[in-house]
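Down below is the structure, laid out as structure tokens.
Below you can see the structure in the form of structure tokens.
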């Protein structure tokens with residue numbers, strides 16, 4: 011079974027993965043394998059709890075989807091099934107500016123207007139939110155990035171109750 015960690019880029023997905031590792035002792039995967047950033051640095055991969063895919067996403071997806079084992083997987087894509095999802099959202103203004111900075115550093119430069127309009131990988135912040143429709147989609151836990159910063163214990167409890175995962179560690183936000 012897959013539990014998705016879904017978000018628009020730069021909305022807190024990596025911090026959420028760090029929480030899964032520190033609090034639930036769960037390693038997570040990325041649909042994209044993150045070989046050029048998180049997966050490229052062993053120390054960062056360990057901190058995030060990142061596990062490399064054992065093959066291509068297309069080859070393992072169906073097996074994971076139908077498995078009794080839990081696979082926690084990061085995605086920035088639109089929904090592809092009805093699996094449980096923890097959808098993390100960050101204030102769109104902050105997410106778009108952060109994504110702009112990320113793209114300048116790791117991809118190519120886009121004018122901010124193109125990012126806002128969605129002429130970038132993963133489309134627009136609003137389009138992503140509409141595609142997931144986290145307030146109405148079944149099997150979805152809607153988590154605000156800003157709430158994790160302010161009340162991490164409350165949000166971690168919500169995540170635990172939603173996923174059925176037992177809390178076995180503490181979260182200390184040293185994400186910076």
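In my numbering, the protein residues as written are 11 to 186.
The beta carbon of each residue, even a glycine, is placed where N, CA and C say it ideally should be.
By Cβ distance below 6 Å, which residues in the same chain neighbour residue 26 in space, the five residues on each side in sequence not counted?
-> One-based indexing of the chain shown puts residue 26 at position 16. Here the set comprises 15, 98.
Can you name the residues that DSSP bridges to residue 94?
-> For this step, residue 94 is matched to residue 84 along the chain shown. Residue 94 is bridged to 13.
Are three or more beta carbon pairs between the region 93-112 and the region 57-69 nearer than 8 Å?
-> no
Do residue 192 and residue 149 have their C-beta atoms within less than 8 Å of each other?
-> Lying outside 11 to 186, the shown extent of the chain, residue 192 is not represented and no answer is given.
Mapping DSSP to helix, strand and coil, what is residue 168?
-> On the chain shown, residue 168 is found 158 positions in, with the first residue counted as 1. Correct three-state label for residue 168: helix.
Pull up the DSSP beta-bridge partners for residue 60, would you.
-> The residue labelled residue 60 in the question sits at position 50 within the chain shown. Residue 60 pairs with 38.
Hey, out of 11, 13, 18, whose CA is closest to residue 132's CA?
-> The residue you call residue 132 lines up with position 122 of the chain shown. Per the Cα distances, 18.
Does the Cβ of residue 31 have 16 or more other Cβ atoms within 10 Å, making it buried, or fewer, making it exposed?
-> Position 21 of the chain shown holds residue 31. Buried, by the Cβ-count rule.
Other residues of its chain near residue 12: CB distance less than 6 Å, five sequence neighbours each side excluded | Along the chain shown, read from residue 1 onward, the residue named residue 12 stands at position 2. So the qualifying residues of the chain are 74, 75, 81, 83, 93.
Are the beta-carbon atoms of residue 96 and residue 126 separated by less than 8 Å?
-> Looking up residue 96 in the chain shown gives position 86. Looking up residue 126 in the chain shown gives position 116. Taking 8 Å as the Cβ cut-off, residue 96 and residue 126 do not qualify as a contacting pair.
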